[in-house]
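One structure is given below, encoded as structure tokens.
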Amino acid sequence: MLTINNRVVVTGIGILCPVGLNASSTWEALIAGKSGIDYITLFDPEPFATKFAGEVKGFEPTDYVSRKEARHMDRFIQLAVAASSQALKQAGIQINLSNQNNIGVIIGSGFGGLLTLS
Numbered sequence: 001m002l003t004i005n006n007r008v009v010v011t012g013i014g015i016l017c018p019v020g021l022n023a024s025s026t027w028e029a030l031i032a033g034k035s036g037i038d039y040i041t042l043f044d045p046e047p048f049a050t051k052f053a054g055e056v057k058g059f060e061p062t063d064y065v066s067r068k069e070a071r072h073m074d075r076f077i078q079l080a081v082a083a084s085s086q087a088l089k090q091a092g093i094q095i096n097l098s099n100q101n102n103i104g105v106i107i108g109s110g111f112g113g114l115l116t117l118s
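Under UniProt numbering, the residue at position 7 of the sequence shown is numbered 7, and the numbers go up by one with no gaps.
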């Protein structure tokens, strides 16, 4: 349980977004002023008013999970698992029985499950 005396420490960052597939490439793209907005390619945008979005391109879920696991996950979960894996690797943390209750992950998703819903 978190009390007033507990500290929260960010030890690793994982990012997969329209301008980068990890924290360093994302940072470089942001510094360079690159935009991740482009034509929608992940689904048919015809029924929608806009044809542009910020998609995560070049992502291979099998770089992080098995092909079988990837088939059972929606894309936003694949991205969350990949970002979490990056953060843990950057932090040098191995999850085990002695530390598993002290590790947390914060995930942001604009609209998770869109591909499953469509």
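We put the CB at the ideal spot given by N, CA and C, even for glycine. Only a predicted model underlies this, so the values are computations on that prediction, with no experimental measurement involved.
Between F59 and L79, the C-beta gap is smaller than 8 Å, which places the two residues in contact.
In the displayed model, A32 falls within coil according to three-state DSSP, outside both helix and strand.
The Cβ atoms of G20 and I93 lie no closer than 8 Å to each other.
C-alpha of F48 to C-alpha of A29: approximately 28 Å in a straight line. In the assembly as shown, A87 is a buried residue. Its beta-carbon has 16 or more other beta-carbons within 10 Å. DSSP places I77 inside the alpha helix (DSSP H), whose first and last residues are R75 to A91. Exposure of V105 is indicated by the presence of fewer than 16 other C-beta atoms within 10 angstroms of its C-beta.
Under the DSSP assignment, A53 falls in the beta strand (DSSP E) whose first and last residues are F52 to G54.
Taking a 10 Å sphere around the C-beta of A82, we find 16 or more other C-beta atoms and assign the residue as buried. Between I77 and G54, the beta carbon gap of about 18 Å keeps them out of contact (Cβ cut-off 8 Å). Looking at the backbone, the Cα of Y39 and that of V10 are separated by about 34 Å.
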